[in-house]
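Residue numbers (my numbering), protein chains in the order written: chain A, 832 to 1312; chain B, 832 to 1312.
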């Protein structure tokens, strides 16, 4: 034992880019997840779980390199197998669909939530383990599926009591058509979209320079350009200048601009169908709109793409985004299965909700702490605990050192339990119990104008008949809501 | 593209020891987790989340070897750091408490659930990734904390509607006292307990042989014995023979047997206090009892230990177990912080619930599928979807290929959605809608005695006024419960 005491201690630290979620934050997260799940199930999505670890080739395709594996938490595991922690859910979904294609009724509407892991450089609000929530519909090209995904996004944010948000969507085929009309070769379309994607952050001038000769950014770094011709850039500029005024009623203006380009016609027709479906589904028109310059980063999108920003917190970026990707299952199968989906960044959205004050902050799960003033009467305290719990009131029994009653009340206050129940010999003799309203005490103490008021507030409590305890607490709790 | 088509495909497989949870199983898991969380919060436990990956030294202590690391999913990650996936939650909890000791109000009552990972040999029902649910109370030696953990175990299993289960508990100090009374040296106590732990599976004779000369098991393998003296074994036999008759009323018999051994006296007194507290907390006496031979495997327990078996499925082993461990935080701090906790094996309990028929099996989240018979009337179908969802009825819109109505109904049946809503030109003309009750159809079809009955059952449906759709579905759903 002497040896044991001398041992160096392990530092109680978490890995770089990882974090704990203490109770107050975890309560808010659980509440948000429950609301999201409720919304997704109401909209007819089914839960799926897949493993956290997958074969490296599943996640990255079989031509992966040690470099691409290094962007994931990848390693050689048991049986000398190269594996990695998932960095998103979509590939695992494709793997699941490919493996179960014989039995799985299509279209398959599923949601999945859980942690994903990426070896990014950690920074404020950027973690290497974070939670994501995905919805997807697999196995149909029907535009109603795209509309269902968007309608579900709108309904879910609504249910989270976020009022001011914008789901904006565009169409990759329309963008490809615009780029073709500008006489840019199809193999450069991805580069052009990557530049257009910067429009919101960098502005039109920067984008036009990056399409052409390149530019020098504010920190003096040279950003190379795509070297498009003046004529190509002129056409793309016409599109970018038209884009902000385009609504679903005026999509025809893009068709006209591009001389009825076939891809543009198809893209615009599908966007119109989606908007009509959203209207029929009763989605609030102020919460979604067409924005022809939305691109979304990921290479694999093939049709409509959408993203969601919070009107009051544009800096948080997109909190819910996705699109149609019709080729992903091809990694596993000799045929393509079409799919459309979207993803919520849970922790980013949670941070935003907190910032907006739309999060009901609650530090404790228990509404009452039963204190132990007189250990001789322990049976009475325990009976009180049992009675409160049977009535559905979440109750904690103080199980620490019971010699000091004010320490127990302070504990309830620190944990954030709103009510402390106190009974000593006086109360037992008279069949009463004292209820201390800590939350109200804190509020009044904060508002107190002098020391006397503060003392009175800090001691905010009522002594009531023991038999009235449950109705009294229920009434108090209702009045707080 | 030609090249792409020729590429070898990645096999859509999961890693050895890993598995998917398809919707029907995941729905049941989510429901069980929600019930457990509800119960734990009602009993005043707070949620905590810690990272899935930790420093190897956090999980294993700083004297870990490549061999011990190999029992976990351990690897050298970014920044050349040795890390591993957690194999349980207790060490991470100790790390969290050590790191936050200045601010954390004690006692700290927390629950945590999530996946843990172990490199065990996979087998039927044994996975390398599995879900665990822990409750612990940190920072108090008060026996009320032990009682609260046990009471919460009982309440949680009750809430899961498991009626016939037994929480059995013993006390490590009492066992140590018995072993000391048998004149076995303290450093051999762990070995003796390891043998006693086999009592339930192997029987008394095998245990006594393993305490002495050893034995040959049924497969012919020689199991070495501890080589205790006949006198030592005789005393342990007296204890083992007394044990089955011991209840909390007759704990005194162990004290008498061991001539008032001090540790036995302490252990029995604490067990009595726990039983009295459980009674006062209203726990059902038929669901918990003292069993002096309960040991629990893990070395770190220091006081009461408990485990839970299902009366009707003893082969499933313990589904909820734990004990007091007062030394764990010492890995991180120069002081000890006492703790007591228990752990549920989520997937084992889920398998047991399924076996017991205590699981409400439900394949789909949606209660209704709105089919699309006439694409011209799509706006009407979408309005129906919106109306059902607004009424809180989880609804799926059929978004697959809508050319074939019977395919759509078959889809609802395969997914397990109970009602399919159908409207064609007849229904639209007469302001009606057809509701096909697939669940009832299946039941009646199964009970059908001839082909005509079967056909009628398979087509079980009613045509009702469109305006009655929601009340009709509500009534049907209520009658199913």
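Positions of the beta carbon are idealized from the N, C-alpha and C atoms, including for glycine.
{"Asked": "Going by beta carbon distance, what residues of the same chain come within less than 7 Å of residue 1015 of chain A, once the five residues before and after it are set aside?", "Found": "1023, 1059 and 1063"}
{"Asked": "So, is residue 1152 of chain B buried or exposed, given that buried needs 16 or more other C-beta atoms within 10 angstroms?", "Found": "buried"}
{"Asked": "What runs of the beta strand (DSSP E), each 3 residues or longer, lie entirely inside the stretch 863-946 of chain A?", "Found": "884-886, 905-907 and 913-916"}
{"Asked": "Checking contacts by CB at 7 Å: is residue 1038 of chain A closer than that to chain B?", "Found": "no"}
{"Asked": "Using a threshold of 7 Å, state whether the C-beta atoms of residue 1176 of chain B and residue 1150 of chain B are closer than that.", "Found": "yes"}
{"Asked": "Given that a residue counts as buried once 16 or more other Cβ atoms are within 10 Å of its Cβ, and exposed if not, what is residue 1001 of chain A?", "Found": "buried"}
{"Asked": "Kindly indicate which three-state DSSP category residue 1239 of chain A falls into: helix, strand or coil?", "Found": "helix"}
{"Asked": "Quick check on the DSSP output: what are the complete beta strand (DSSP E) runs of length 3 or more inside the stretch 946-987 of chain A, in order along the chain?", "Found": "960-969"}
{"Asked": "When the Cα of residue 890 of chain A is compared with those of A/989, A/871, A/927 and A/1181, which residue comes out closest?", "Found": "A/927"}
{"Asked": "Give me the Cα-Cα distance between residue 1291 of chain A and residue 1244 of chain A, rounded to the nearest whole angstrom.", "Found": "12 Å"}
{"Asked": "Using 8 Å as the threshold, is the stretch 1036-1050 of chain B in touch with the stretch 1064-1079 of chain B, meaning 3 or more CB pairs across them?", "Found": "yes"}
{"Asked": "I want to see whether chain B comes within less than 7 Å of residue 961 of chain A, judged by CB atoms only; does it?", "Found": "no"}
{"Asked": "Does the beta carbon of residue 790 of chain B sit closer than 7 Å to a beta carbon anywhere in chain A?", "Found": "No answer is possible for residue 790 of chain B: the residues shown for chain B start at 832 and end at 1312."}
{"Asked": "Looking at the unbroken beta strand (DSSP E) that takes in residue 1267 of chain A, where does it start and where does it end?", "Found": "1263-1268"}
{"Asked": "Just to make sure I have the definition right: I need the residues of chain A whose C-beta is within less than 8 Å of the C-beta of residue 863 of chain B. Which are they?", "Found": "Going along chain A, no residue has its Cβ under 8 Å from residue 863 of chain B, so there is no contact; the nearest lies around 13 Å."}
{"Asked": "Check whether chain B comes within 7 Å of residue 913 of chain A, counting only Cβ atoms and requiring the distance to be less than that.", "Found": "no"}
{"Asked": "Could you tell me which chain A residues have their CB closer than 8 Å to the CB of residue 1185 of chain B, listed as they occur along the chain?", "Found": "Here the premise fails: no neighbours, minimum Cβ distance about 16 Å."}
{"Asked": "What are the residues that DSSP puts in a beta bridge with residue 1154 of chain A?", "Found": "A/1136 and A/1172"}
{"Asked": "Measuring only between beta-carbons, confirm whether residue 1104 of chain A sits less than 7 Å from chain B.", "Found": "no"}
{"Asked": "What does residue 883 of chain B touch in chain A if you count any residue whose Cβ is under 9 Å from its own?", "Found": "849, 883, 916, 946, 948 and 960"}
{"Asked": "Where does residue 852 of chain B sit, in a helix, a strand or coil, going by DSSP?", "Found": "strand"}
{"Asked": "Does any C-beta atom of chain B lie closer than 7 Å to the C-beta of residue 1123 of chain A?", "Found": "no"}
{"Asked": "Go through the stretch 1053-1140 of chain A residue by residue and report every complete run of the alpha helix (DSSP H) that reaches 4 residues or more, in order.", "Found": "1061-1073, 1083-1088 and 1093-1111"}
{"Asked": "Residues bridged to residue 1292 of chain B by DSSP?", "Found": "B/1267"}
{"Asked": "Can we say the stretch 1183-1196 of chain B touches the stretch 1151-1170 of chain B, given the rule of at least three CB pairs closer than 8 Å?", "Found": "no"}
{"Asked": "Please classify residue 1047 of chain A as buried or exposed, where buried requires at least 16 neighbouring CB atoms within 10 angstroms.", "Found": "exposed"}
{"Asked": "Within 7 Å (strictly less), CB to CB, does residue 873 of chain B reach chain A?", "Found": "yes"}
{"Asked": "Counting only C-beta atoms, is residue 1297 of chain A closer than 7 Å to chain B at any point?", "Found": "no"}
{"Asked": "From the beta carbon of residue 1029 of chain A, is the nearest beta carbon of chain B less than 7 Å away?", "Found": "no"}
{"Asked": "What residue range does the beta strand (DSSP E) around residue 1201 of chain B cover?", "Found": "1199-1201"}
{"Asked": "Answer with buried or exposed for residue 875 of chain A, where buried requires no fewer than 16 other C-beta atoms within 10 angstroms of its C-beta.", "Found": "buried"}
{"Asked": "Just to check my reading of the structure: residue 1233 of chain B and residue 1266 of chain B have Cβ atoms closer than 8 Å, yes? What is that Cβ distance to the nearest angstrom?", "Found": "Wrong, their Cβ atoms sit about 19 Å apart, outside the cutoff."}
{"Asked": "Against chain B, does residue 927 of chain A count as a neighbour if the rule is that its beta carbon must be under 7 Å from one of theirs?", "Found": "yes"}
{"Asked": "Cutting at 6 Å between CB atoms, please list the residues of its own chain near residue 859 of chain A, excluding the five before and the five after it.", "Found": "1190"}
{"Asked": "When you compare the stretch 845-857 of chain B with the stretch 908-922 of chain B, are there three or more beta-carbon pairs, one atom per stretch, that lie closer than 8 Å?", "Found": "no"}
{"Asked": "Please classify residue 933 of chain A as buried or exposed, where buried requires at least 16 neighbouring CB atoms within 10 angstroms.", "Found": "exposed"}
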